[in-house]
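Chemist: I'd like to ask you about the structure that follows.
Written as structure tokens, this is what we have:
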């Protein structure tokens, strides 16, 4: 059975380096995730990261060990680790659409709070799902037409 991990963390590199550093995270992660059969989504803000990872237990544990050692962030806080009936981000080895100031207010309160309220974590994951959704799906969620 597949598993999912949702975590948040604080960035430790200067904002001026963000584009270069995040590109150095996203592209290699997409290749590695494809090889491991992992799917998910990453959100980066000016100060934080949030990520949902989906895959086999072994793949998830391999990635989480690597993530925990990564010097580009600190205070890695696992908010949820659970079994999945089906993947949410099946179309993405790693969905990422650039830095998002909007997400900062949802992520920052969860950093270093492993017992975050389930509703707050659910809200963050739902927003990440919408971010990764194809345009037509986002429009249908917003009451528009594809």
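In my numbering, the protein residues as written are 123 to 268.
No residue lacks a Cβ here, since even glycine has one placed at the ideal position from N, Cα and C.
For clarity, every value in this text was computed on a predicted model and none was experimentally measured.
Flag this pair as touching only if the segment 160–179 and the segment 236–250 have three or more C-beta atom pairs under 8 Å; answer yes or no.
Modeler: yes
Chemist: Would you tell me roughly how many angstroms separate the C-alpha atoms of residue 172 and residue 252, rounded to the nearest one?
Modeler: The straight-line gap from Cα to Cα measures roughly 14 Å.
Chemist: Considering Cα atoms alone, identify which of 196, 192 and 214 is closest to residue 146.
Modeler: The option with the nearest alpha carbon to residue 146 is 192.
Chemist: What residue range does the beta strand (DSSP E) around residue 202 cover?
Modeler: That run of the beta strand (DSSP E) goes 195–205.
Chemist: Residues in the same chain with beta-carbon distance under 7 Å from residue 226, minus the five sequence neighbours each way, listed in chain order, please.
Modeler: Closer than 7 Å at the Cβ level, and outside the excluded window around residue 226, lie 167, 168, 169 and 170.
Chemist: In whole angstroms, what separates the C-alpha of residue 260 from that of residue 220?
Modeler: Since pLDDT at residue 260 reaches only 37, below the 50 mark, its modelled position is unreliable, and the value read off the structure follows with that caveat. Cα to Cα, residue 260 sits roughly 17 Å from residue 220.
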